[in-house]
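Sequence order for the protein chains is A and B. Sequential numbering of the first sequence, starting at 1, is according to my numbering. Sequential numbering of the second sequence, starting at 274, is according to my numbering. For every residue, glycine included, the Cβ atom is placed at its ideal position computed from N, Cα and C.
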Amino acid sequence: MSSAAEKAFEELKETVGRVTVDNPKMQAKNVDVFYGDKQAIFDVTCDIGKNEVIAMIGPSGCGKSTFLRCMNRMNDTIPSCRVGGDILLEGDSLYSSSVDPVMLRARVGMVFQKPNPFAKSIYDNVAYGPRIHGLANNRAELDDIVESSLQRAGLFDEVKDRLNAPGTSLSGGQQQRLCIARTIAVNPEVILMDEPCSALDPIATARIEELIDELRENYAIAIVTHSMQQAARVSQRTAYFHLGKLVEVGETKTIFTNPTHELTENYITGRFG
Amino acid sequence: MSVTNLILVTLLLTFLYFVFGRQKAFAVAKTSGGLQGMHSLPSHYGAYVAVWCALPALAIIVGWKLFEPTVIDSMLASSIPDSVHELGEKSVALYRNEINNAVDSNNIASLTDPVKQATATRLASLQNSAMLGLFVLVLCTVIALGVFALKRITPDMTARHRVESVVRSFLFISATIAILTTVGIVLSVLFESLRFFSQVNLIDFVTGLNWSPQTAIRADQVGSTGAFGAIPLFTGTLLISFIAMLVAVPFGLMSAIYLAEYATPRVRAIVKPLLEMLAGIPTVVYGVFAALTVAPLIKDIGSAVGLSVASESALAAGLVMGIMIIPFVSSLSDDVITAVPQSMRDGSFGLGATHSETIRKVVIPAALPGIVGGILLAVSRAIGETMIVVMAAGLAANLTANPLEAVTTVTVQIVTLLTGDQEFDSTKTLAAFALGLMLFVITLVLNVIALYVVRRYREQYE
Ligand SMILES: Nc1ncnc2c1ncn2[C@@H]1O[C@H](COP(=O)(O)OP(=O)(O)O)[C@@H](O)[C@H]1O
Ligand SMILES: [Mg+2]
Chain A
1 MSSAAEKAFE
11 ELKETVGRVT
21 VDNPKMQAKN
31 VDVFYGDKQA
41 IFDVTCDIGK
51 NEVIAMIGPS
61 GCGKSTFLRC
71 MNRMNDTIPS
81 CRVGGDILLE
91 GDSLYSSSVD
101 PVMLRARVGM
111 VFQKPNPFAK
121 SIYDNVAYGP
131 RIHGLANNRA
141 ELDDIVESSL
151 QRAGLFDEVK
161 DRLNAPGTSL
171 SGGQQQRLCI
181 ARTIAVNPEV
191 ILMDEPCSAL
201 DPIATARIEE
211 LIDELRENYA
221 IAIVTHSMQQ
231 AARVSQRTAY
241 FHLGKLVEVG
251 ETKTIFTNPT
261 HELTENYITG
271 RFG
Chain B
274 MSVTNLILVT
284 LLLTFLYFVF
294 GRQKAFAVAK
304 TSGGLQGMHS
314 LPSHYGAYVA
324 VWCALPALAI
334 IVGWKLFEPT
344 VIDSMLASSI
354 PDSVHELGEK
364 SVALYRNEIN
374 NAVDSNNIAS
384 LTDPVKQATA
394 TRLASLQNSA
404 MLGLFVLVLC
414 TVIALGVFAL
424 KRITPDMTAR
434 HRVESVVRSF
444 LFISATIAIL
454 TTVGIVLSVL
464 FESLRFFSQV
474 NLIDFVTGLN
484 WSPQTAIRAD
494 QVGSTGAFGA
504 IPLFTGTLLI
514 SFIAMLVAVP
524 FGLMSAIYLA
534 EYATPRVRAI
544 VKPLLEMLAG
554 IPTVVYGVFA
564 ALTVAPLIKD
574 IGSAVGLSVA
584 SESALAAGLV
594 MGIMIIPFVS
604 SLSDDVITAV
614 PQSMRDGSFG
624 LGATHSETIR
634 KVVIPAALPG
644 IVGGILLAVS
654 RAIGETMIVV
664 MAAGLAANLT
674 ANPLEAVTTV
684 TVQIVTLLTG
694 DQEFDSTKTL
704 AAFALGLMLF
714 VITLVLNVIA
724 LYVVRRYREQ
734 YE
């Protein structure tokens with residue numbers, strides 16, 4: 001980082017751009033995250049709007065995954081991790097004592113960087129969530145949920161003849177769509193995606209990007225990505241993180257054509273990251 | 274002069290030749306444009322020379338020692354008096370034995386008979402000259418081959434590859450020896466069993482319900498007709514193994530789940546070695562525990578609730594054996610559960626599953642092949658276990674499924690058949706081989722099934 005940029009980072013007191021939206025689904029307020037004594041996220045405030053895709057970009061290790069994992073309390077599974085500040089879902093705090101993190105994760109689903117199908121058949125992978133949450137009253141209903149989830153994930157036509165084949169027998173791109181189908185099947189309100197295409201080839205990536213755009217109709221989506229083209233293609237708003245701080249948030253178009261902060265501009269133009 | 278000394282001298286010479294070879298390589302390198310011009314490193318050339326010395330020398334020593342006794346025996350035959358020869362094979366052997374012992378213990382003077390003394394002196398001198406001959410032959414070979422190998426060191430000589438191929442052969446031979454030993458054991462058991470089955474019908478053996486191996490030693494003995502029906506033994510083995518698995522599988526699996534999923538690193542570091550220590554306790558200690566502590570306890574509890582329990586019971590042996598086997602199940606299961614990728618757990622948590630749902634529905638199914646492997650391994654261990662059952666299960670070949678009665682197992686019977694004074698080729702002794710063969714076949718089949726299950730599962734989820 002050039003010394004000028006370093007200075008700009010030191011002087012950064014407040015996120016540049018408009019962090020709130022008119023119609024928020026989730027609101028992060030002054031979120032700090034610590035791993036043991038080490039602080040990974042510094043005072044981040046940011047909304048996710050309804051029916052919006054927000055892209056989170058920034059250099060490796062800047063805390064994108066950490067921030068994303070706060071939104072469905074996945075960080076609870078890491079013993080050393082502590083979260084400060086507050087995050088609201090539809091106006092209610094996620095971190096109040098009355099919230100059960102397990103139930104929360106059914107409302108805020110997550111798709112991971114590496115496709116991680118269970119060691120089960122395709123059908124059972126998708127049926128897993130509905131089964132543990134009792135979403136289907138009988139086999140026919142479960143069949144419907146599985147079929148419609150696979151359909152919405154754009155996978156059904158490819159696998160309808162082999163629903164009993166193991167999920168791991170699919171190609172990488174298909175596996176990731178299976179994981180998306182699995183997430184959709186529990187009918188969440190928000191979907192968090194952590195670099196969902198980083199392990200996939202360009203064609204599989206394009207397929208998933210299309211899918212994300214379609215999913216926006218029904219869900220709020222936050223996607224972490226390393227590809228700026230991808231952020232530009234799928235998102236309406238973009239948030240740029242740097243060393244644990246949220247530097248700039250704005251309309252994706254604006255961020256990529258006319259960023260305000262020097263650090264954002266440096267990153268967008270490929271000067272580091 | 275002894276073979277040990279000879280081998281030591283050979284090794285010393287070999288080491289010297291290694292050094293010479295290295296130096297020669299350096300010298301050759303100097304005259305032919307540096308070490309870069311050489312095909313191999315100097316130490317490779319040294320090793321090449323050393324191999325040329327040591328291997329043939331060791332082969333000569335082994336070969337010599339194999340044939341020496343026969344040659345010496347035939348040379349000695351002439352100095353054994355005719356009077357002994359006339360008495361037949363056995364007397365000659367006895368005579369030779371006496372002479373050999375006197376010479377081996379370096380005490381020819383102890384022989385009182387002057388004829389024997391003469392023979393012994395001849396034997397001693399034969400052995401001496403043989404040793405001398407071997408010494409000379411080996412040393413000459415080593416030196417000559419060493420010089421020959423040194424001559425062959427040139428820049429293009431592929432010493433590195435040649436030494437490696439020798440190393441490869443050694444590794445191959447080691448592996449072969451292990452396999453051949455197994456084959457040898459199997460064959461010897463097989464042939465003895467065949468001898469048994471020439472006396473006792475195979476069908477009777479496999480389907481007979483009555484086991485009482487006491488055969489009559491004298492023709493007029495009563496009550497010892499000998500019955501070799503192995504069914505009671507195998508049901509005994511199965512009953513005890515079943516009880517053992519009833520203990521080992523749940524406890525082993527649950528402790529594995531606790532260790533892998535819930536225990537903090539500190540607890541795990543303490544509990545895991547403790548649990549594995551169970552496998553290190555000598556089985557005879559378990560046997561004592563089963564016979565002196567558990568069996569009486571079960572008997573007392575049984576009589577308190579009005580059940581009749583034999584003082585040696587399948588239950589006592591099975592329970593203690595189960596405890597012994599817990600670490601087999603837990604350790605292997607723990608390994609495979611820990612090996613299930615964290616990403617799979619995250620996927621389940623991310624869908625709103627609890628920790629225990631994740632374990633039951635995602636982690637355990639993914640770890641199943643390893644768990645099944647561990648369990649089958651434990652079963653074959655249980656089937657082959659001997660000491661505990663010898664001490665706690667009894668000797669009575671009862672055909673029963675009641676765990677409170679005394680039963681006997683295949684392994685126990687093998688032990689009892691072979692201990693005590695018996696002629697080695699009596700039916701009773703041969704029966705032990707037949708039982709051993711059956712046991713071997715059963716464990717083999719179990720292992721094959723285990724491998725098959727595991728592989729099928731792997732293929733499915735790779
Ligand atoms: N489980 C963890 N324990 C301790 N530190 C962590 C852990 N996960 C991430 N970190 C640290 O937090 C910072 C942010 O990491 P992460 O959120 O994974 O970044 P990104 O996803 O943007 O690459 C990094 O410095 C990383 O080393
Ligand atoms: Mg990350």
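Which of the three DSSP states is assigned to residue i in this structure?
i: B/E735; result: Confidence at B/E735 is low in this model, with a pLDDT of 48, below 50, so the placement of that residue is unreliable and no value is reported for it.
i: B/D573; result: helix
i: A/G270; result: coil
i: B/V718; result: helix
i: A/F34; result: strand
i: B/M711; result: helix
i: A/Q236; result: coil
i: B/T394; result: helix
i: B/F340; result: helix
i: A/Q279; result: In the structure displayed, chain A extends from 1 to 273; residue 279 of chain A sits before or after that span and is not available.
i: A/I48; result: strand
i: A/E248; result: strand
i: B/S466; result: helix
i: A/S198; result: coil
i: B/G657; result: helix
Measuring straight from C-alpha to C-alpha, what distance separates residue i and residue j?
i: B/L710; j: B/E678; result: 27 Å
i: A/K50; j: A/M26; result: 8 Å
i: A/E158; j: A/E147; result: 12 Å
i: A/T73; j: A/V190; result: Reading the sequence as shown, one finds Arg at residue 73 of chain A and not Thr. If you take the alpha carbons of A/R73 and A/V190, they lie about 13 Å apart.
i: B/V411; j: B/Q400; result: 16 Å
i: A/A127; j: A/I145; result: 8 Å
i: A/K13; j: A/A136; result: 49 Å
i: B/E735; j: B/P676; result: For B/E735, the predicted model reports a pLDDT of 48, less than 50, meaning its position is unreliable and no value from the coordinates is stated.
i: B/R369; j: B/E359; result: 14 Å
i: A/V247; j: B/V544; result: 48 Å
i: B/H317; j: B/L460; result: 42 Å
i: B/G499; j: B/W484; result: 8 Å
i: B/R728; j: B/A639; result: 13 Å
i: A/L215; j: A/I221; result: 8 Å
i: A/G273; j: A/Y219; result: Caution applies to A/G273, whose pLDDT of 46 falls short of 50 and renders its modelled position unreliable; the model cannot decide the point.
i: A/G172; j: A/P115; result: 7 Å
i: B/R433; j: B/H312; result: 8 Å
i: A/G58; j: A/R107; result: 27 Å
i: B/F421; j: B/A612; result: 55 Å
i: B/A744; j: B/L339; result: Examination of residue 744 of chain B is not possible in this model, given that chain B is present from 274 through 735 alone.
i: A/R177; j: B/D608; result: 31 Å
i: A/D124; j: B/L565; result: 51 Å
Taking 8 Å as the cut-off, decide whether the C-beta atoms of residue i and residue j are in contact.
i: B/E585; j: B/A666; result: yes
i: B/F706; j: B/F469; result: yes
i: B/I656; j: B/T700; result: no
i: B/I637; j: B/A590; result: no
i: B/A503; j: B/G481; result: yes
i: A/V111; j: A/V31; result: no
i: A/K29; j: A/D86; result: yes
i: A/C46; j: A/V249; result: yes
i: B/A533; j: B/I598; result: no
i: A/A185; j: A/P117; result: no
Is any non-hydrogen atom of ligand 3 found closer than 7 Å to the C-beta of residue i, if you look at the structure I gave you?
i: A/V224; result: Looking at this structure, you won't find ligand 3 anywhere; what it does contain is ligand 1 and ligand 2.
Cβ of residue i less than 8 Å from any chain E Cβ?
i: A/A106; result: Among the protein chains of the structure shown, namely A and B, there is no chain E.
The stretch 542 to 562 of chain B in contact with the stretch 658 to 665 of chain B per 3-pair CB rule at 8 Å: yes
Would you list the residues whose beta-carbon is nearer than 5 Å to any heavy atom of ligand 1, in the order they occur in the chain? A/Y35, A/A40, A/S60, A/G61, A/C62, A/G63, A/K64, A/S65, A/T66, A/I78
Are at least three pairs of beta-carbons, each pair with one atom in the stretch 94 to 110 of chain A and one in the stretch 65 to 80 of chain A, less than 8 Å apart? yes
Would you check if there are 3 or more beta carbon pairs closer than 8 Å linking the stretch 222 to 240 of chain A to the stretch 182 to 196 of chain A? yes
Are the stretch 243 to 257 of chain A and the stretch 369 to 378 of chain B touching by the rule of at least three beta carbon pairs closer than 8 Å? no
Per the contact definition of three or more C-beta pairs closer than 8 Å, is the stretch 525 to 535 of chain B in contact with the stretch 596 to 605 of chain B? yes
Take every Cβ of the stretch 314 to 328 of chain B, pair it with every Cβ of the stretch 428 to 447 of chain B, and state whether three or more of those distances are shorter than 8 Å. yes
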